[in-house]
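The opening position of the sequence shown corresponds to residue 171 in the working numbering, with each subsequent residue numbered one higher. A short worksheet on the structure shown next.
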Amino acid sequence: MARITVEDCLKEEQNRFALVQLAARRTKQLLSGATPLVESRRNKSVVNALREIAAGQVRFKTEEDLQREREEAMLRREEELKQQQLADEERARAAAAAQAELPESESGDDSSEEERAEELSDGLSVSGGSGSTPV
């Protein structure tokens, strides 16, 4: 089994302080159950983290990387909003088309409802006092 050295890791991360920070963060991720990025031969998490760094599999995100990720996330959100608006407009058009296709008697005309209410009330008579209401 080949040994991992600091020099191997410094080829990928030149700053020793950054190397220690990176190794510590990756070790914590591995201990938390993250999948190793290089073949693990039942090594300790620290050794696996250093092997991943030496292999160039793990690195710090630069400010440019973070900015690019923010821009990509913003573009994805904008695209989702556009898709949602298009879907809402399509549903509104479909509802309007369905409403236009209904016959006039089913379209919810207020005058026909008033006529039906009058027809029903013509058949009712209400007596005053304590009498009953014949139907």
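Ideal Cβ positions, reconstructed from N, Cα and C, are used throughout, including at glycine.
Helix or strand or just coil, what does DSSP make of residue 237?
Start at 1 with the first residue of the sequence shown, and residue 237 comes out as number 67. It is helical.
Of the residues 238, 240, 212 and 207, the one placed nearest residue 224, counting alpha carbons only:
Locating residue 224 in the sequence shown gives position 54, where the first residue counts as 1. Comparing Cα-Cα distances from residue 224 to each of 238, 240, 212 and 207, the minimum goes to 207.
Count the other CB atoms, across all protein chains shown, that sit within 10 Å of the CB of residue 205; report buried if there are 16 or more and exposed otherwise.
Along the sequence shown, one-based indexing puts residue 205 at 35. So residue 205 counts as exposed.
Here's the rule I'm using: 16 or more other beta-carbon atoms within 10 Å means buried, otherwise exposed. How should residue 175 be labelled?
Counting from one through the sequence shown, the residue named residue 175 turns up at place 5. Under this definition residue 175 is an exposed residue.
For residue 174, name the three-state secondary structure that DSSP assigns.
To locate residue 174, count along the sequence shown from 1; it is residue 4. In the structure shown, residue 174 sits in coil (DSSP, three-state: anything other than H, G, I, E or B).
For residue 184, the three-state DSSP class (helix, strand or coil):
Here residue 184 refers to the residue found at position 14 of the sequence shown. The answer is coil: DSSP assigns residue 184 none of H, G, I, E or B.
Can you tell me whether DSSP reads residue 204 as helix, strand or coil?
For the purposes of this step, residue 204 is identified with residue 34 of the sequence shown, where counting begins at 1. Coil at residue 204, not helix or strand.
Can you grab the Cα-Cα spacing for the pair residue 236 / residue 213, in whole Å?
What you label residue 236 is simply residue 66 of the sequence shown in a count that begins at 1. What you label residue 213 is simply residue 43 of the sequence shown in a count that begins at 1. Approximately 32 Å, taken between the alpha carbons.
What's the call for residue 196, buried or exposed, on a 16-neighbour Cβ count within 10 Å?
Along the sequence shown, read from residue 1 onward, the residue named residue 196 stands at position 26. Buried, since its Cβ has 16 or more Cβ neighbours within 10 Å.
Which word fits residue 192, buried or exposed, when buried means at least 16 other C-beta atoms lie within 10 angstroms of its C-beta?
Here the question's residue 192 lines up with position 22 in the sequence shown. The residue in question, residue 192, is buried, as its Cβ has 16 or more Cβ neighbours within 10 Å.
Other residues of its chain near residue 210: CB distance less than 6 Å, five sequence neighbours each side excluded
Translated into positions along the sequence shown, residue 210 becomes position 40. Closer than 6 Å at the Cβ level, and outside the excluded window around residue 210, lie 218.
Which residue wins for smallest C-alpha separation from residue 233, given the options 173, 241 and 186?
On the sequence shown, residue 233 is found 63 positions in, with the first residue counted as 1. Answer by Cα proximity: 241.
Using C-beta distances below 7 Å, list every residue in its chain close to residue 200, excluding the 5 sequence neighbours before and after it, in chain order.
By one-based count along the sequence shown, residue 200 stands at place 30. Answer for residue 200: 206, 215, 218 and 219, listed in chain order.
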